[in-house]
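Q: When the letters of the sequence shown are read in order and numbered with mature numbering (1 follows the signal peptide of the UniProt record, and there is no 0), they come out as residues -20 to -1, 1 to 470. Glycine is no exception: its CB is placed at the ideal position from the N, C-alpha and C atoms. Just so it is clear, the structure is predicted and the values come from calculations on it, not from any experiment. To start, I am sharing the structure in question, which I have written as structure tokens.
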Amino acid sequence: MTGKLIHLFIPCLLLSAAYAFLPPLHHHTRQPPSRPHASSSTEASTNELYLTEEQLTFTKAYLNEHHQTDVLLPFIRAFTEIGAKSKQKNMWMANSYAILNANITDVTSDAILIDVNIREGGKDTKESVAVQLDACPMDTRNYNDLPQIDQMCLDGTLPIDNFVRRIIRLCNIVKAYQATGKMIQMGVQLGGAGVGKLNNNMYLNQVPHNRFVRDYFYDMAADAALDAAVLCSEKKISNRMKMTVMFPEMNPQMDSYRIGTLLELARSIAMRLAEQNLRVRVCVQGSMGVGIFTGVPKQLNGVRTLLERMDWGSEPGEPNEGMVGDLINFGHVGKEHVVNEVPAIGDGAVATKQDDVFLILCPQNMVGLESSIIGPLSEMVDAAGDRPVILINPDLTDKISSQGQQSIRGRQQRLDFEKSFETIFQFQNIYFSGTSYFPILGSVVKLGPTQPWVAHQRRDIADDGGEVYLPVYSSETKPDSEILMGTFER
């Protein structure tokens, strides 16, 4: 049984562009949800059989055969008493206590059970240990601890995805960075919900993009915004959120930038929220500056007018009849554009309903103290209270001027304000170093507020078979650039 599984799946788990993602296994005992919800309970805590028999058999065979040196042995050294004992004994006499190999015997919802073969003084022995899936390193001098995964991120996940997420944390602790991408691939192959998986054959090097590619990103971003709004209403995440959607048509630094793609993205997100009877205000910063230096960023020139004139399908007889002006409204950045509920008082009075979610498109600073967006944006966020404020492709970094206005005064407060926004969605391409943005090397993504960060390497499949984005690294925090590039194959 083990031999057949290895023969079937190992080519997929090696970073080979020819095999990439094979169709996942389907198990009749569990069906992955189309989109995890925060309100669901954790399956791992309610199922006696943490993994299915097929998943467990393959996981043991794959890790035992292919991840001895980079994963299992470091796990023993970092998370068990055997590792501490080995360090102590070898301090007095080198190689007097050797950990020969380690083999997984079982995986439960709490731990990985491992048999360890040890050689001490010429005598071989075997010990059985348990590496807790939420373990902290015993050897804190050689291994830095990482925070536990927020339970909110594990709620509603399939057991295989739960296991993969937790073992990736352990891999990052022992610096087995390249193994984290293999774990993401393993979760996809073994019937997971597709955490960290991107569509094949997007061909983002080709501009303009195919319509299905744009819709793919619109749907992912809209799903993430809705999930974030739900989590915010449940007080599980902050109401300060940001989305970075930076494929070539959305990147203003490239000549492929298309303003229509930004508008369509905003429309998709606003519509998805409005379909849940949430009142959405889509905001674009207005003119800033003083005197002849008044203006708006080039990226946002005319966006407010185009937003109001584009086809929302809300005219009489159209699918979204009456949505614009009722559930969807427009505004600028500032506290005066935050609408609160006002009850109807007196005869003929009409009640005003408050905005539920604020979408702010590409807020950014311009040169000069009077052209900083931080002031009006922070006032707007304060006026919104605990309602979700979602920034789409923000650029809140200081714009250096000759007077040093934005580089000195109040800099720390501006940095703190920028950091207060949590990423709920990100897709950003990685390019080869140099002046050209093509070809695309890969991407860094976070596909939802409870999803992990995953880095992908773009690979061309042989004989013009298309392209695939292969996971090469994953973590709970935004990947460090040095670690990230170390996981890419040259």
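Alpha carbon to alpha carbon, how far is R115 from A74?
A: Position 135 of the sequence shown, counting from 1, holds the residue named residue 115. Position 94 of the sequence shown, counting from 1, holds the residue named residue 74. Before going on, a small fix: residue 115 reads as Ala here, not Arg. Whole-angstrom Cα-Cα distance: 28 angstroms.
Q: Going by DSSP, which residues form a beta bridge with E100?
A: Within the sequence shown, the letter at position 120 stands for residue 100. Paired residue(s): Y77, K103.
Q: If we define contact as Cβ-Cβ less than 8 angstroms, is K106 a contact residue for chain D?
A: Absent from the structure is chain D; it holds one protein chain and no more.
Q: Am I right that I239 and V276 are in contact with their C-beta atoms under 8 angstroms? What's the rounded C-beta distance?
A: For the purposes of this step, residue 239 is taken as residue 259 along the sequence shown, with counting starting at 1. For the purposes of this step, residue 276 is taken as residue 296 along the sequence shown, with counting starting at 1. In fact, because the Cβ distance is near 13 angstroms, the residues do not count as touching under 8 angstroms.
Q: Measure the beta-carbon distance from I84 to L43 and round it to whole angstroms, keeping in mind my assumption that it falls under 8 angstroms.
A: What you label residue 84 is simply residue 104 of the sequence shown in a count that begins at 1. What you label residue 43 is simply residue 63 of the sequence shown in a count that begins at 1. Confirmed, Cβ separation roughly 6 angstroms.
Q: According to DSSP, is G311 part of a helix, a strand, or is it coil?
A: Reading the sequence shown from its first residue, position 331 is the one you call residue 311. Looking at G311 - three-state DSSP - the assignment turns out to be strand.
Q: Given a threshold of 16 other Cβ atoms within 10 Å of its Cβ, counted over all protein chains shown, does M71 qualify as buried or as exposed?
A: Indexing the sequence shown from 1 puts residue 71 at position 91. It counts as exposed.
Q: Are the region 332 to 341 and the region 301 to 319 touching by the rule of at least three beta carbon pairs closer than 8 angstroms?
A: As far as the Cβ criterion goes, the region 332 to 341 touches the region 301 to 319, which means the pair count is three or higher.
Q: If you pair each beta-carbon of the region 206 to 214 with each one of the region 156 to 173, do three or more pairs fall below 8 angstroms?
A: Too few Cβ pairs lie closer than 8 angstroms, so no.
Q: Do you know offhand how far L36's Cα is from L170's?
A: The sequence position of residue 36 within the sequence shown is 56, counting from 1. The sequence position of residue 170 within the sequence shown is 190, counting from 1. Straight-line Cα distance between these residues: approximately 10 angstroms.
Q: My assumption, with CB atoms under 8 angstroms, is that Y449 sits in contact with L178. Please give the rounded CB distance.
A: What you label residue 449 is simply residue 469 of the sequence shown in a count that begins at 1. What you label residue 178 is simply residue 198 of the sequence shown in a count that begins at 1. The Cβ separation is near 4 angstroms, so the contact holds.
Q: List the DSSP bridge partners of K222.
A: Counted from its first residue, the sequence shown places residue 222 at position 242. Answer is L371, T403.
Q: Just mark G365 as buried or exposed, buried being the case when its beta carbon has 16 or more other beta carbons within 10 Å.
A: Position 385 of the sequence shown, counting from 1, holds the residue named residue 365. Its Cβ having fewer than 16 others within 10 Å, G365 is exposed.
Q: Count the CB pairs spanning the region 218 to 228 and the region 358 to 374 that are closer than 8 angstroms, and state whether there are at least three.
A: Yes, the region 218 to 228 is in contact with the region 358 to 374.
Q: State the Cα-Cα distance for the pair N300 and S294, rounded to the nearest angstrom.
A: Within the sequence shown, the letter at position 320 stands for residue 300. Within the sequence shown, the letter at position 314 stands for residue 294. Approximately 4 angstroms between the Cα atoms of the pair.
Q: Taking the continuous alpha helix (DSSP H) assigned at T146, which residues delimit it?
A: For this step, residue 146 is matched to residue 166 along the sequence shown. One point to set straight first is that residue 146 is Arg, not Thr, in the sequence displayed. Element bounds for R146: 139 to 153.
Q: CA-CA distance, V193 and Q186?
A: Start at 1 with the first residue of the sequence shown, and residue 193 comes out as number 213. Start at 1 with the first residue of the sequence shown, and residue 186 comes out as number 206. Distance between the alpha carbons of V193 and Q186 is about 11 angstroms.
Q: Could you compute how far the alpha carbon of R145 sits from the alpha carbon of L243?
A: Here residue 145 refers to the residue found at position 165 when the sequence shown is read from its first residue. Here residue 243 refers to the residue found at position 263 when the sequence shown is read from its first residue. Near 35 angstroms, if we compare the C-alpha coordinates of L243 and R145.
Q: At which residues does the alpha helix (DSSP H) containing F38 begin and terminate?
A: As a working mapping, residue 38 is identified with position 58 in the sequence shown. Here the alpha helix (DSSP H) through F38 covers 33 to 46.
Q: Thinking L357 and P343 are a contact (beta carbons under 8 angstroms), I'd like their distance in whole angstroms, please.
A: On the sequence shown, residue 357 is found 377 positions in, with the first residue counted as 1. On the sequence shown, residue 343 is found 363 positions in, with the first residue counted as 1. Sure, about 6 angstroms apart at Cβ, within 8 angstroms.
Q: Thinking C-beta only, is A246 closer than 8 angstroms to L93?
A: Looking up residue 93 in the sequence shown gives position 113. Looking up residue 246 in the sequence shown gives position 266. For L93 and A246, no; Cβs fall outside 8 angstroms.
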